[in-house]
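Shown next, in structure tokens, is the structure this report addresses.
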Amino acid sequence: MYKKIDNKDVEYLKTFIPAERIFVGEEISHDYAHDELGDVEAKPDLLIKVLSTEEVSKIMKYAYDNEIPVVARGSGTGLVGSSTAIKGGIMICTSLMNHILELDENNLTLTVEPGVLLMELQAYVEEHGFFYPPDPGEKSATIGGNISTNAGGMRAVKYGVTRDYVRALKVVLPNGNIETFGSKCVKNSSGYAMKDLIVGSEGTLCIITEAILKLLPLPSQSVSMLLPFTTMEKAIEVVPEIIKSKASLTAIEYMSLDTIISAEDFLGKKFPDTNYEAYILLTFDGNNMQEIEEEYTKVANLCIEHGAIDGYFVDTDERKKSVWNARGAFLEAIKATTDFMDECDVVVPKDKVASYIKYTHEVAKEVNLRIPSFGHAGDGNLHIYICRDNLPNDEWEIRLNKAFDMLYNKANEFDGHVSGEHGIGYAKRKYLANQVGEQQIQLMQGIKKVFDPKEILNPGKVCYINE
Numbered sequence: 101m102y103k104k105i106d107n108k109d110v111e112y113l114k115t116f117i118p119a120e121r122i123f124v125g126e127e128i129s130h131d132y133a134h135d136e137l138g139d140v141e142a143k144p145d146l147l148i149k150v151l152s153t154e155e156v157s158k159i160m161k162y163a164y165d166n167e168i169p170v171v172a173r174g175s176g177t178g179l180v181g182s183s184t185a186i187k188g189g190i191m192i193c194t195s196l197m198n199h200i201l202e203l204d205e206n207n208l209t210l211t212v213e214p215g216v217l218l219m220e221l222q223a224y225v226e227e228h229g230f231f232y233p234p235d236p237g238e239k240s241a242t243i244g245g246n247i248s249t250n251a252g253g254m255r256a257v258k259y260g261v262t263r264d265y266v267r268a269l270k271v272v273l274p275n276g277n278i279e280t281f282g283s284k285c286v287k288n289s290s291g292y293a294m295k296d297l298i299v300g301s302e303g304t305l306c307i308i309t310e311a312i313l314k315l316l317p318l319p320s321q322s323v324s325m326l327l328p329f330t331t332m333e334k335a336i337e338v339v340p341e342i343i344k345s346k347a348s349l350t351a352i353e354y355m356s357l358d359t360i361i362s363a364e365d366f367l368g369k370k371f372p373d374t375n376y377e378a379y380i381l382l383t384f385d386g387n388n389m390q391e392i393e394e395e396y397t398k399v400a401n402l403c404i405e406h407g408a409i410d411g412y413f414v415d416t417d418e419r420k421k422s423v424w425n426a427r428g429a430f431l432e433a434i435k436a437t438t439d440f441m442d443e444c445d446v447v448v449p450k451d452k453v454a455s456y457i458k459y460t461h462e463v464a465k466e467v468n469l470r471i472p473s474f475g476h477a478g479d480g481n482l483h484i485y486i487c488r489d490n491l492p493n494d495e496w497e498i499r500l501n502k503a504f505d506m507l508y509n510k511a512n513e514f515d516g517h518v519s520g521e522h523g524i525g526y527a528k529r530k531y532l533a534n535q536v537g538e539q540q541i542q543l544m545q546g547i548k549k550v551f552d553p554k555e556i557l558n559p560g561k562v563c564y565i566n567e
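So, in structure tokens, the structure goes:
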């Protein structure tokens, strides 16, 4: 049993955290009770907005000594309930820890606090001629949240995911101790890769308070192409052919017409073309324009051979804005078309993308639900949304669970995974357990208990299936 927050706890915490950064009970906005999708709701008893590692350390030491549950939160843009306080207790909000601490041009690293927004980080480094490649669609997410879920995004096909760009992490352990895992060094063969264990752990092992990130030189050239197809089948079946061509692409994105129309309605802005059922968006980057031209010419011709109607350059400012604004708004646009939805963030091998997207249409027919999708076709990470559309709640639950069972079982059949970048959190625990089995769940729980023997930090998430 966890200790229930009382006035004595609040008064003690106010001895080192100013009262204006502590919120109790009804003072806490309902926004802190849920994340972006909102299907997991639980309000903390106490919300603390922290400014430093030392503050986090003192809070955690007190919580550990008194067995008070704690959850860390950034922007709250997650989709699986990772940052919800399902056991009540203390919520530590890191959004005010939003400073860029150092740009080290000699080692090509950037040191940041966890509350820095992804869009701010990317803009800052690009102003200085550098490049931070991870590029998930939600640019208002914090870097701490990106690290906690190992976010990927559109450029993962060429550059990899967040884990590939984390050099070091300063963290606070559940008992309040401060540790640093990793360094600015490029190579490290010194014991277990603790830093890599923290990346993707969804705040269940420790709280990230500082990160050293790897940067790359900013590519001088970038070109995007939009290719329309008359059918969904033709669009997704060209993806394996693009991959087999060995072309160096930065991104391969799949878009369906219904999702594009939703984005148009949501943004009130026209997409460059809405005459066809499906689209593939390709991006190329580098420093040699001649090589880029050779690459996109080869790929464009390949796509046209396999059914693309044409290839449009996303070259003018207006066209870039219309395409990328629409792509960035897909989640919110789909959300705006229904009264409620849930999400399936599977990842499958790249050669299974076409088959899997086809299967989502079969599922939609069988369960009689609208299931729009889009995704990173170049790395197999697909974002599938199941829409309730005013269905009565009891019937919705039956159909939703059947759809999830079918979608996750098919991902397992294809040697895929439950989540590509959004994590497991609270909502997807059952499906993780079904996929990896009892032995792996026990190993995860064992790791959790080594870090957090009292199980106070983000309890009930990821590998705890019976909470």
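Letter by letter, the sequence shown follows residues 101 to 567 of our numbering.
The beta-carbon is built from N, C-alpha and C at its ideal position, and this holds for glycine as well.
Here the structure is a predicted model, which is why all the values come from computation and not from measurement.
- Item | the stretch 175 to 185 contacting the stretch 130 to 146, beta-carbon criterion three pairs below 8 Å | yes
- Message: Considering just the uninterrupted stretch of the alpha helix (DSSP H) at M544, what are its terminal residues?
- Response: R529 to F551
- Message: Within the continuous alpha helix (DSSP H) that includes I434, where are the two ends?
- Response: F430 to A436
- Task: Express the C-alpha separation of L113 and R121 in angstroms, rounding to a whole number.
- Result: 11 Å
- So what's G325 in DSSP terms, helix, strand or just coil? Gly is not the amino acid found at residue 325; the sequence shown has Met there. M325: strand per DSSP, three-state reduction.
- Message: Can you tell me which residues form a DSSP beta bridge with H306?
- Response: Just to set this straight, residue 306 is Cys in the shown sequence, not His. Bridge partners of C306: none, in fact.
- Using beta-carbon positions only, say whether L571 and V423 come within less than 8 Å of one another. In this structure the chain extends from 101 to 567, so residue 571 is not present and cannot be described.
- Query: Taking the C-alpha atoms as reference points, what is the distance between E394 and M219?
  - Reply: 31 Å
- Query: In terms of residue numbering, what span does the alpha helix (DSSP H) encompassing Y456 cover?
  - Reply: V453 to V467
- Sort I168, M389, E497 and V518 by Cα distance to C444 and report the nearest one. V518
- Which of helix, strand or coil DSSP assigns to G188: coil
- So what does DSSP say about A251, is it helix, strand or coil? coil
- Identify the continuous beta strand (DSSP E) that holds N481 and give its terminal residues. N481 to C487
- Message: Using only the alpha-carbon positions, how far apart do P472 and N246 sit?
- Response: 24 Å
- Query: Taking Q321 as the reference, which of T383, G368 and L297 has the closest Cα?
  - Reply: T383
- Enclosing beta strand (DSSP E) for R263 [first to last residue]: First-last for R263: undefined, no H or E at that position.
- Quick one: is V286 buried, meaning 16 or more other Cβ sit within 10 Å of its Cβ, or exposed? exposed
- Task: Evaluate contact between the stretch 487 to 496 and the stretch 430 to 450, counting only Cβ atoms and requiring at least three cross-stretch pairs below 8 Å.
- Result: yes
- Query: Cα separation between E462 and G480?
  - Reply: 19 Å
- Counting pairs of beta carbons, one from the stretch 263 to 273 and one from the stretch 230 to 247, are three or more of them closer than 8 Å? yes
- With respect to the alpha helix (DSSP H) encompassing C403, which residues constitute its N-terminal and C-terminal limits? M389 to E405
- List the DSSP bridge partners of R470. C487
- Task: Return the residue from the list V323, T374 and T331 that minimises the CA-CA distance to E351.
- Result: Per the sequence shown, the amino acid found at residue 351 is Ala instead of Glu. Out of V323, T374 and T331, V323 has the C-alpha closest to the C-alpha of A351.
- Task: Look at T280 and M197 and say whether their C-beta atoms are less than 8 Å apart.
- Result: no
- N-terminal and C-terminal residue of the alpha helix (DSSP H) that I361 is part of: L357 to L367
- Strand pairing of A293, partner residues [DSSP]: According to DSSP, which records beta bridges pairwise, A293 is partnered with nothing at all.
- Query: In chain order, what residues of the same chain lie with their CB nearer than 8 Å to the CB of Y376, ignoring the 5 residues before and after it?
  - Reply: P328, F329, T330, L357 and I409
- Item | Whole alpha helix (DSSP H) elements within the stretch 140 to 171, 4-residue minimum | 153 to 166
- Hey, I168 and I556: beta-carbon distance below 8 Å or not? yes
- Does the Cβ-Cβ distance between S240 and L217 come in under 8 Å? yes
- Message: Given a cut-off of 8 Å on the beta-carbon distance, is the pair G237 and L431 in contact?
- Response: yes
- Query: With distances taken between CB atoms, is the gap from V448 to F514 smaller than 8 Å?
  - Reply: yes
- Task: Please name the residue, chosen from E353, A172, L273 and I105, that lies closest to A133 on a Cα-to-Cα basis.
- Result: A172
- Message: In this structure, how does DSSP classify K103 when only helix, strand and coil are distinguished?
- Response: coil
- From which residue to which residue does the beta strand (DSSP E) around Y379 run? A378 to G386
- Using only alpha-carbon positions, find the residue among L313, I307 and S129 that is nearest to N207. L313
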